[in-house]
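Trainee:
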Amino acid sequence: MADETTPEDRGSITRAEEAVFRVIERDLERQGTPEAVLMLKHYVQALPEKVERKGPYKRVSFGMYQRISEYSARYSPVTGEQRSWLFAGFAERCARGLSKEQALQVATEAANPPKDAVLEVADYETQAGEEIFVARWAHVVDGIRVERDYIQVLVNGALGRVFSLHRNWHTVDESPSWR
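94 is the number that numbering that gives the first Met the number 0 gives to position 95 of the sequence shown; each next residue is one higher, with no gaps.
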């Protein structure tokens, strides 16, 4: 749609989208939920589908799309490596569905821990009223734990799915140097 619109059409689309959101915002305020307006454009998106000319007017048709779950990720600014991700859709209604061994296998496949990783935690924990399987590996080199290096995976046992992975890991430079 965007490739076939004229600059004049883009202006009409922008004004029409603003009008659509003003109507939604007023409805939310009338319903007594003005706080929802703050995050409205984060959860609802209007995508233009068609612009029709009707005499001196233009009719803009939109497809309205709602975000139903959050996916977020963090990347290293130096290497571009993915450091963490969270898919909130799999974090809902967590429970003990998998055995601890099965959940650890799911977590290990997602984490792919290096050989010098030492498993610290592999158990179900109650977090915010939900039963979540937590697997956490520490980075140990020659028997010494590397500060701030870890891999942590959260598993929804009811779904058998990983919903969060955090990795803070680096290769230790053991050569003598000024630090």
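Note that the Cβ used here is the ideal one computed from N, Cα and C, for glycine as well.
What are the partner residues of F61, as DSSP defines its beta bridges?
Mentor: P47
Trainee: Can you tell me whether A1 is buried or exposed? The criterion is at least 16 other CB atoms within 10 Å of its CB, across all chains shown.
Mentor: Residue placement at A1 is poorly supported in this model, since its pLDDT is 49, which falls under 50; the coordinates still yield a value, given next. A1 is exposed by the Cβ-count criterion.
Trainee: Give the straight-line distance between the Cα atoms of E80 and H165, rounded to the nearest whole angstrom.
Mentor: 12 Å
Trainee: With H, G and I counted as helix, E and B as strand and the rest as coil, what does DSSP make of A1?
Mentor: Residue placement at A1 cannot be trusted, given a pLDDT of 49 that sits under 50; the coordinates are not used to answer.
Trainee: What is the rounded straight-line gap between the Cα of Q126 and the Cα of G156?
Mentor: 13 Å
Trainee: Does the segment 84–97 come close enough to the segment 112–119 to have 3 or more Cβ pairs within less than 8 Å?
Mentor: no
Trainee: Of the choices Y42, A110, V154 and R21, whose alpha-carbon is the least far from that of S68?
Mentor: Y42
Trainee: For the alpha helix (DSSP H) containing I23, name the first residue and the last one.
Mentor: P6 to R29
Trainee: Roughly how far, in whole angstroms, is the beta-carbon of P47 from the beta-carbon of I12, given that I think they are within contact range, below 8 Å?
Mentor: 5 Å
Trainee: Looking at C-beta atoms only, is the number of pairs between the segment 55–75 and the segment 144–155 that lie closer than 8 Å three or more?
Mentor: no
Trainee: Need the endpoints of the alpha helix (DSSP H) that H41 sits in, please.
Mentor: For H41, the enclosing alpha helix (DSSP H) stretches over residues L39 to Y42.
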